[in-house]
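Structure, as C-alpha cells:
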Amino acid sequence: MIDYIVVGLGLAGITFCETLARHGKSFVAVDDESQQATKVAGGLYNPVVLKRFNPVWMAEEQLAFAIPFYKALEEKLGENLLYPSRIKRRFASIDEQNQWFEASDHPRLKNVLLQELQANTNPNIAAPFGFGIVAHSGRLATSLLVERYTELLRKQDQLIGESFLFDELQILGEGVQYRHIMARQIVFATGFGLVKNPYFNYLPMQGSKGEYIKIHCPDLRETEILKGAFFVLPEGNDEYLVGATYAWKDFENTPTAKARQQLTEKLDRILNCDYKLISQQAGIRPTVTDRKPLLGRHPVHKDLYVLNGFGSRGVMIGPWAADLLYRNIEEGNSLPAEIDLSRFKKKYFEAGQASRGS
Ligand SMILES: Cc1cc2nc3c(=O)[nH]c(=O)nc-3n(C[C@H](O)[C@H](O)[C@H](O)COP(=O)(O)OP(=O)(O)OC[C@H]3O[C@@H](n4cnc5c(N)ncnc54)[C@H](O)[C@@H]3O)c2cc1C
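Per this note's numbering, the sequence shown starts with residue -12, numbered consecutively.
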C-alpha cells in the first residue's frame, strides 16, 4: 500500500506532492490536463490588493512559506522559477495617490508600499499621475513548473496521465483502492474540476474564468510589472502578457473575443505605441463563494481529502495550504476554521448526499 493518490497536478497537486516527497511519503499522481488555471496563470505573488490597497489575506504568512518552498523546487528541478520584481501601480488620479499614502501607513503594508511616488519617464506609457511601487512581489513561472514537475513524476513512474474515473475508486475500511493501486489516502486537487467530483460536489465552487493576451510591443521597453486596469507582465523579447479578465458564467477553457476586446481597449488607454497581438489563453480559477481555500477531509469518508479553492492567488496559497493539509492528515493538527471544508458540512447533509458513494 502506498501513502497517497493525488488527483490533479496544478499548483495544488504539485505543492502537495512536493510536500509529500519532502516528508518521504510514497504517492502517485493522476492528471488529465482538463483544467489549466496553473498553466495560464500570470504567476504573480503580491501582498497587497491593488484596487483599494488592502493587505492580502494572510499574505505575510503565506509568502514566508512560499518563497523558500519554490526556491527549493528550483534547485530540485534545476530550473529558474521565481522572478522577484517590483510592481508599478499606475495612479488614475490624485485621489488614488492620497489613498496610497494612507494605505502605506498600515502596519502590514509599511514595507510593501513605498512612500515615495515614481514619476513616469516612459513616453510610451500614459501615466500623468505616476506610479506607486510595490515591493516584495514577483512572479512564479507556473507553466514551466507544471511542465517540469509532470516530467519528473513521469520519469519516476509516479504519474498516471489520464482522467480519474470515480467508478473505479473503492473506499476500503482503511484506505482506498483505485484500479490496482491501494493507498492510505486520496487527495483531490482538481481545481475547478471539483464540480465533477461526486464526493465533493456539494462544496460551493463558483469558478471564475480568466484570460490573458500576449502582445509584441518593441517600443514599450518595460522591465518591471505594470498595473493599470490590468497587469502588463514583461516576458522578454519585447513580449508582454496583459490580463487577466474575470467572467463568472462561462466555464470553458477557450479564449473569447469579448475578453480580447476588454483587454485591448484598456491597454490602448495606457499605451502610446503600437503592438501586435500574438496569442490569447484562458483558464478557470477555482474560486469558492466565500473566497477562501477549501481544505480537509470528507464529512463521512475519512480517507478522502480535498486541497482546492486557491482562487486568484494559487502561487501564494499553495505551499502554505499544502503544509497545513499535510499536518492535518499526518499529525492530527486542526485546520484553521476559515479554510476547513467542514465549514460547509451542513450543505453536505442538506443536499442529502450522505449516502453517496458509501
Ligand atoms: C488567467 C488566470 C490568471 C491567473 N493569474 C494568477 C496569478 O498571477 N497569480 C496567482 O497566484 N494565481 C493566478 N491565477 C490563479 C491560479 O492559477 C490558481 O489559483 C491555481 O492555479 C489553482 O491551482 P489548482 O491546482 O487548484 O487548479 P488547476 O491549475 O486548474 O489544476 C487542476 C488540475 O487537476 C486536473 N484534473 C481535474 N479534474 C481531473 C480528473 N477528473 N482527472 C484527472 N485530473 C484532473 C487538471 O487537469 C489540472 O491539471 C490565475 C488564474 C487564471 C485562470
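We treat Cβ as the ideally placed atom computed from N, Cα and C, and that holds for glycine.
Coarse secondary structure for residue i, derived from DSSP in three states
i, result
"glycine 125", "strand"
"valine -7", "strand"
"glutamine 164", "strand"
"glutamine 102", "coil"
"arginine 346", "Past the edges of the chain, shown from -12 to 345, lies residue 346, and the structure says nothing about it."
"tyrosine 186", "coil"
"glycine 197", "strand"
"arginine 171", "strand"
"serine 342", "At serine 342, the pLDDT of 49 sits below 50, so the modelled position is not reliable; the number obtained from the coordinates is stated separately. It is coil, neither helix nor strand."
"lysine 214", "strand"
"valine 43", "coil"
"alanine 234", "strand"
"alanine 16", "strand"
"glycine 223", "strand"
"phenylalanine 52", "helix"
"glutamine 145", "coil"
"aspartate 310", "helix"
"glutamine 84", "helix"
"aspartate 154", "helix"
Strand pairing of residue i, partner residues [DSSP]
i, result
"leucine 31", "Arg126"
"serine 91", "For serine 91, which the question treats as bridged, DSSP gives no partner whatsoever."
"proline 191", "According to DSSP, proline 191 bridges with nothing at all."
"glycine 119", "Arg76"
Pick from the options that is closest to residue i, judged by C-alpha positions
i, options, result
"tyrosine 70", "Leu220, Glu47, Leu96 and Val15", "Leu220"
"phenylalanine 217", "Glu20, Leu37 and Asp18", "Leu37"
"phenylalanine 238", "Phe151, Glu134, Glu138 and Pro273", "Pro273"
"glycine 298", "Leu60, Val17 and Ala24", "Ala24"
"glycine 11", "Leu152, Gly30 and Ile(-11)", "Ile(-11)"
"phenylalanine 151", "Asp327, Val(-6), Arg330 and Thr241", "Val(-6)"
"isoleucine 265", "Glu317, Val121 and Pro242", "Pro242"
"glutamine 267", "Lys26, Asp19 and Leu140", "Lys26"
Proximity of residue i and residue j at Cβ, strictly below 8 Å
i, j, result
"glycine 117", "asparagine 107", "yes"
"valine 302", "tyrosine 32", "yes"
"isoleucine 212", "serine 72", "yes"
"glutamate 198", "alanine 231", "yes"
"proline 55", "glutamate 47", "no"
"glycine 194", "isoleucine 304", "no"
"tyrosine 358", "leucine 68", "No answer is possible for residue 358: the residues shown for the chain start at -12 and end at 345."
"isoleucine -8", "valine 182", "no"
"threonine 177", "alanine 28", "no"
Fully enclosed by the segment 239 to 307, which beta strand (DSSP E) runs are 3 residues long or longer? Listed in chain order, the complete beta strand (DSSP E) runs (minimum 3 residues) inside the segment 239 to 307 are 263 to 272, 281 to 284 and 291 to 295.
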